[in-house]
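Asks: Below is one structure. I have some questions about it.
Residue numbers (my numbering): 198 to 617.
Pasting the structure below:
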């Protein structure tokens, strides 16, 4: 300790500058080692009871309290301005709490409890000093008010710094955990991981012993996908969901159920996505870890088909079941080409006339009537009828026969044409 004559002269203004000299002397007489023990004990009892036996944690807490006490005493004794207070140990302790996932509410509670203990000790010392020095009741009351304002002004100043440190550390750790989580999921999708440890499962936060449906959102970033996932779970009653950013602006969402996914729930999922107005590729419901991988792979297949069709021809929401045949055929381009030639015959020739006929047939399949097709293409209904008769001659059967195969052949022909 410095001599009182030196401590009380040539002092900078501070949060404790309004304390009279006798009150500053009282503040300087407080035994900080004893007070530190009191504050640490109360903090552990009230805010951190589960860490009472964790010596490393207690050491961090003690170092934080000790530095706070020394600095607060300097502020009260006007040796330091409040605005100049820069702390190290309390900020380190805030980061420790973030790493231990201690709620910020516990951090705030510890500061309230600790600073109340500090106020009680300094107020008692001030009253005792006032009584010994025969200070009037009014002067004592004014000094107590100034002491209270100084202590809790310091508390506010420090608590803001510590809270900011806690938040920054927590955000950094969250990003780090997200990175670990993404790496684990990527390993599962690549087949590098077949068995996860309990800690890995906890990090991912998703149960794989279930029935999964993957939804690829190629134009939705991770943050927005989180909001969409709420709607998807509400529509389907899914038990769990898992969000995985597959790119800067694309996201995959898995939904899981304990039982298989009936067609009705898949239809609800599709309707929810359509209502949201997003582009989405849906896999089929599949069980277990292998199903988790398989339904994801299906969304990738669907997305390749979508890209080959192009945005103008592709529906916004596509189920794998709708394009499974295209996916199968496009894995062998020679087989796909033979399928198109067998189904379409001369209609597959590459010339303007057959292109117009294919467009007419495809539109008729989609709209279901001569009138709607004529209106959509801006033609007379008789023109549509004549074109469809020409189509029937080229393919060798009525347009209503082998409808599924003919539609698939038209779509696969577009895929082959658009393939790099």
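Even glycine gets a Cβ: it sits at the ideal position worked out from N, Cα and C. Every value quoted in this text rests on a predicted model; they were computed, and no experiment measured them.
Would you mind working out which of 444, 443, 241 and 354 sits nearest residue 299, comparing C-alpha positions?
Replies: 241
Asks: Counting pairs of Cβ atoms below 8 Å between the region 372-381 and the region 475-495, do you hit three or more?
Replies: Output reads no: the region 475-495 does not touch the region 372-381.
Asks: Can you list, in chain order, the residues of its chain whose CB lies under 7 Å from that of residue 485, leaving out five sequence neighbours each side?
Replies: 405 and 406
Asks: Rounded to whole angstroms, what's the CA-CA distance from residue 496 to residue 517? Just pull it up for me.
Replies: 7 Å
Asks: Less than 8 Å between the beta carbons of residue 266 and residue 229, yes or no?
Replies: yes
Asks: Going by beta carbon distance, what residues of the same chain come within less than 7 Å of residue 287, once the five residues before and after it are set aside?
Replies: Non-local beta-carbon contacts of residue 287 in its own chain, meaning distances under 7 Å to residues more than five positions away in sequence, involve 261, 264, 265, 355 and 359 in chain order.
Asks: Does the Cβ-Cβ distance between residue 413 and residue 449 come in under 8 Å?
Replies: yes
Asks: Which class does residue 446 belong to by DSSP, given the choice of helix, strand or coil?
Replies: In the structure shown, residue 446 adopts coil according to DSSP, grouped into three states.
Asks: Just tell me which of 561, 607 and 447 has its CA closest to the CA of residue 586.
Replies: The alpha carbon of residue 586 has as its nearest neighbour, out of 561, 607 and 447, the alpha carbon of 561.
Asks: Per DSSP, which one or two residues make a beta bridge with residue 478?
Replies: 413 and 515
Asks: Below 8 Å, how does it come out for the region 217-233 and the region 319-337: are there three or more Cβ pairs, yes or no?
Replies: Contact between the region 217-233 and the region 319-337 is established, with three or more Cβ pairs separated by less than 8 Å.
Asks: Could you spell out where the alpha helix (DSSP H) holding residue 219 opens and where it closes?
Replies: 218-225
Asks: Terminal residues of the continuous alpha helix (DSSP H) containing residue 401?
Replies: 395-401
Asks: Looking only at its own chain, which residues have a Cβ that is under 6 Å from the Cβ of residue 418, when we skip the five neighbours before and after it?
Replies: 446
Asks: Give the secondary structure of residue 506 by DSSP, where H, G and I count as helix, E and B as strand, and everything else as coil.
Replies: helix
Asks: In its own chain, which residues sit with a C-beta less than 6 Å from the C-beta of residue 570, not counting the 5 before and 5 after it?
Replies: 560, 561, 564 and 581
Asks: DSSP beta-bridge partners for residue 624?
Replies: This structure does not reach residue 624, given that the chain is present from 198 up to 617, and the question cannot be answered.
Asks: From 353, 285, 544 and 258, pick the residue whose C-alpha is nearest to that of residue 603; which is it?
Replies: 544
Asks: With distances taken Cα to Cα, identify the nearest neighbour of residue 237 among 313, 283 and 297.
Replies: 313
Asks: Using CA atoms only, rank isn't needed, just tell me which of 441, 275 and 254 is closest to residue 294.
Replies: 254
Asks: Would a C-beta distance cut-off of 8 Å place residue 408 and residue 465 closer than the cut-off?
Replies: no
Asks: If you compare alpha carbons, which of 548, 382, 480 and 601 is closest to residue 500?
Replies: 480
Asks: When you compare only the Cα positions, how much space is there between residue 382 and residue 441?
Replies: Between residue 382 and residue 441, the C-alpha separation is close to 8 Å.
Asks: So what does DSSP say about residue 300, is it helix, strand or coil?
Replies: coil
Asks: Give me, in chain order, the residues of the same chain whose beta-carbon lies closer than 7 Å to that of residue 378; leave out the 5 immediate sequence neighbours on both sides.
Replies: 400 and 401
Asks: Please name the residue in 552, 216, 285 and 368 whose C-alpha comes closest to that of residue 339.
Replies: 216
Asks: What does a CB cutoff of less than 8 Å around residue 318 pick up in its chain, not counting 5 residues either side in sequence?
Replies: 227, 232 and 235
Asks: Per the DSSP calculation, residue 484 is bridged to which residue(s)?
Replies: 408
Asks: Report the residue from 367, 276 and 311 whose alpha carbon sits nearest the alpha carbon of residue 289.
Replies: 367
Asks: For a test of the three-state rule: what should DSSP assign to residue 581, helix, strand or coil?
Replies: helix
Asks: Exposed or buried, residue 207, counting other C-beta atoms within 10 Å across all chains shown (16 or more means buried)?
Replies: Low per-residue confidence applies at residue 207: pLDDT is 39, beneath 50, and the placement is therefore not dependable enough to give any value.
Asks: Let me know the secondary structure DSSP gives residue 306 once reduced to three states.
Replies: When DSSP states are grouped into helix, strand and coil, residue 306 belongs to the helix group.
Asks: When DSSP labels each residue in this structure, what does residue 421 get in the three-state scheme?
Replies: helix
Asks: How is residue 249 classed by DSSP in three states: helix, strand or coil?
Replies: Of the three classes helix, strand and coil, the one that applies to residue 249 here is coil, per DSSP.
Asks: Taking all protein chains shown into account, decide if residue 482 is buried (16 or more other Cβ within 10 angstroms of its Cβ) or exposed.
Replies: buried
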